[in-house]
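Just so we're aligned, residue -16 is where the sequence shown starts under the numbering used here, counting upward by one. Have a look at the structure below before the remarks.
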Amino acid sequence: MMMYATADTWNETNLGFIIKWVERGSPSFMVVMGISFVFSKRQSFKALLVRGFKILVIGYLLNTFKFIIPMLLGFFPNKLIVAHGLNPEHLVDNSIHFFLLGDILQLAGVSLIIMSLCVPIFKNKYMILGVAMSVILSSRALSGIRLGIDGFDYMLDLLWGNQYNVYFPVFPWMGFILMGRFVGELYIENKTNIKGFFQKVIILSGITISIGALLCYLDYDYHFGDYYHLGPGGMLLLLGVNTSFIYISHLIFKAIKNTQFFPFLVYASKNVTLIYFLQWVVIDWGMGLFGFATMNQQGVLMIIPIYSFFVFALLIVIDKAKKSKPSLTGRFASH
-16 MMMYATADTW
-6 NETNLGFIIK
4 WVERGSPSFM
14 VVMGISFVFS
24 KRQSFKALLV
34 RGFKILVIGY
44 LLNTFKFIIP
54 MLLGFFPNKL
64 IVAHGLNPEH
74 LVDNSIHFFL
84 LGDILQLAGV
94 SLIIMSLCVP
104 IFKNKYMILG
114 VAMSVILSSR
124 ALSGIRLGID
134 GFDYMLDLLW
144 GNQYNVYFPV
154 FPWMGFILMG
164 RFVGELYIEN
174 KTNIKGFFQK
184 VIILSGITIS
194 IGALLCYLDY
204 DYHFGDYYHL
214 GPGGMLLLLG
224 VNTSFIYISH
234 LIFKAIKNTQ
244 FFPFLVYASK
254 NVTLIYFLQW
264 VVIDWGMGLF
274 GFATMNQQGV
284 LMIIPIYSFF
294 VFALLIVIDK
304 AKKSKPSLTG
314 RFASH
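This is the structure:
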């Protein structure tokens, strides 16, 4: 919606209000990433380092498909370029800017690289919790620090930037990933006592929501004024809300596990990175047809199911193509 809706649609309609709050749930992906890390067998320094760089490559490959290819082919909306404070006539500068945009995949990649360096100290779950809190609480103090060196400043922006060339800097957003890892360790410790595990999750959620809400009440602009560059209060508030989703997800799972909808969710969860990649390519390429920030509420409501269907259709085609490769290889080998 943020790419297609007009400013009035985004700020003045019920749909805009709902989507703004749904967007606040995007850190759930980071929490789940941290939880899933606990169950991964690839936790060595080398495995994490390689995985981190692979995710970074995917992130910049996505930027290439989202931005650079449409720009080179001439259907990238000038209005979006101007919205980024750039001149549509400066192709090289614009290409560099959009290629280097930092989003969730850049956050995930850099976080894994940092975590690879911390393998020895992350054996204790409370050390993980302590580092998560340190990342969150120190983020405002570090925010925006640069040395005035091109290239190196970009790497610092990935860590703690306060500009919109990086949407999810490591400080503070890696705190969600580490908190997810802490929750995963709690689960391993309490897997024979699931009720006790969820009680601890609810307590953790309640504490972080209470502290975060109080800090936001005392100074909203500092703690929650900029969603992509939150202060400690905003981070703790969102952390508590998104951690509570773990218990809510458990209740939803119990309600739908025997329905026909559940296998679809399992399929989607197994392909979440590819779905994320495809949806953004479809959204950004679609702006060549519909433009940037042109739609009212009805237009956005119409296009969401169409794009969703198209993304899953692409996913199924790609999935079938991947599965057919071994059989094709076998046929040629038999002749």
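Just so it is clear, CB atoms sit at the ideal spot from N, CA and C, and this is done for glycine as well.
Let me check understanding here. Comparing Cα to Cα, which of Leu261, Phe159 and Ala276 lies closest to Ile301? Leu261
Got a sec, what are the start and stop residues for the alpha helix (DSSP H) Ser157 sits in? Here the sequence assigns Met to residue 157, which means Ser is not the residue at that position. That run of the alpha helix (DSSP H) goes Val153 to Glu172.
Looking only at its own chain, which residues have a Cβ that is under 7 Å from the Cβ of Pro155, when we skip the five neighbours before and after it? Val118, Ile119, Ser122, Leu213 and Met218
Less than 8 Å separating the beta-carbons of Val153 and Ser193? No.
DSSP three-state assignment for Gly85, whether helix, strand or coil: Correct three-state label for Gly85: strand.
Specify the secondary structure class of Lys183 as computed by DSSP and reduced to three states. helix
In three-state terms, what does DSSP make of Met278? Looking at Met278 - three-state DSSP - the assignment turns out to be strand.
Any idea which residues DSSP pairs Val15 with across the strands? Partner(s): none; Val15 has no beta bridge.
Keeping to the same chain, check which residues put their C-beta closer than 6 Å to that of Ile266; ignore five residues upstream and five downstream. Met(-14)
Beta-bridge partners of Ala(-12), as assigned by DSSP: Met278
Distance, Cα to Cα, His67 vs Tyr211? 15 Å
In the DSSP assignment, what residue or residues form a beta bridge with Val149? Gly85
Output the residue ranges of the alpha helix (DSSP H) runs that lie fully inside the stretch 90 to 139 and measure 4 residues or longer, sorted by chain position. If we require 4 residues or more, the alpha helix (DSSP H) runs fully inside the stretch 90 to 139 come out as 108 to 125.
Apart from the five residues on each side of it in sequence, which residues of its chain come closer than 7 Å, Cβ to Cβ, to Cys199? His206, Phe207, Gly216, Gly217 and Leu220
Status (buried if at least 16 other CB within 10 Å, exposed otherwise) for Val75: Counting Cβ neighbours within 10 Å, Val75 comes out exposed, since fewer than 16 surround it.
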